[in-house]
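To start, the structure under review is shown below, and the notes come after it.
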Amino acid sequence: MGSLASRIAAWAIALVVGVVYGAAGSFAHAAFIGPAPIGLLLGVIGAGALLIAVRLLTGDRWATLAAALGVMVITYVFAQPSTGGSVLFTVAHETLALIWMGAVPLVAAVVVAWPRAPRRAVEAN
Numbered sequence: 001m002g003s004l005a006s007r008i009a010a011w012a013i014a015l016v017v018g019v020v021y022g023a024a025g026s027f028a029h030a031a032f033i034g035p036a037p038i039g040l041l042l043g044v045i046g047a048g049a050l051l052i053a054v055r056l057l058t059g060d061r062w063a064t065l066a067a068a069l070g071v072m073v074i075t076y077v078f079a080q081p082s083t084g085g086s087v088l089f090t091v092a093h094e095t096l097a098l099i100w101m102g103a104v105p106l107v108a109a110v111v112v113a114w115p116r117a118p119r120r121a122v123e124a125n
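In the working numbering, the protein residues as written are 1 to 125.
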């Protein structure tokens, strides 16, 4: 691991990336192609890929948790009615919204709890 300053910077960057991805996923989760909820599928797969990438790139569970927190917080914010009364998560797609809001914490729990990959021994010749 690096210094405390570099770890805090990684956590902040992961949080911002999570917020950006969470916003995109919140807007796209209700997209359909035919009968398939392609927006939800791509959103959950993308969130999982984002969290795995953060975990592998930083090697830090806390950075992964920061990215997941960013996705979850912005999703919660967008789930609230605005001052004008409009909502992003409509009743027509309530099931999709509930799946989107519940899938990210589950994926985050799996990625954060996954055991650390063993380091390969580097052989010097």
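Using N, Cα and C, we set each Cβ at its ideal position, and we do this for glycine too.
Checklist entry - By how many angstroms is the C-alpha of Gly84 removed from the C-alpha of Gly46? => result So the alpha carbons of these two residues sit roughly 31 Å apart.
Next on the checklist: For the pair the segment 56–70 and the segment 26–40, tell me if three or more CB-CB distances fall below 8 Å.
Outcome noted: No, the segment 56–70 does not touch the segment 26–40.
Checklist entry - With 16 as the cutoff for other CB atoms within 10 Å, does Val107 come out buried or exposed? => result Buried, since its Cβ has 16 or more Cβ neighbours within 10 Å.
Next on the checklist: Once the 5 residues before and after Ala103 are set aside, which same chain residues still bring their CB inside 6 Å of it?
Outcome noted: Shown here for Ala103: same chain residues with a beta carbon closer than 6 Å to its own, the five before and five after excluded, namely Val44 in chain order.
Checklist entry - On the three-state DSSP scale, how would you describe Ala31? => result Assignment of Ala31 by DSSP, reduced to helix, strand and coil, places it in the coil class.
Checklist entry - Sorted by chain position, which residues of the same chain lie with C-beta nearer than 6 Å to Gly48's C-beta, five sequence neighbours on each side aside? => result Cβ-Cβ distances below 6 Å link Gly48 to Val107 in the same chain, with the five nearest sequence neighbours on each side left out; the list follows chain order.
Checklist entry - Taking Leu41 as the reference, which of Val87, Val17, His29, Gly18 has the closest Cα? => result Answer by Cα proximity: His29.
Item to check | Proximity below 8 Å, CB of Ala23 to CB of Ile74 | outcome: Taking 8 Å as the Cβ cut-off, Ala23 and Ile74 qualify as a contacting pair.
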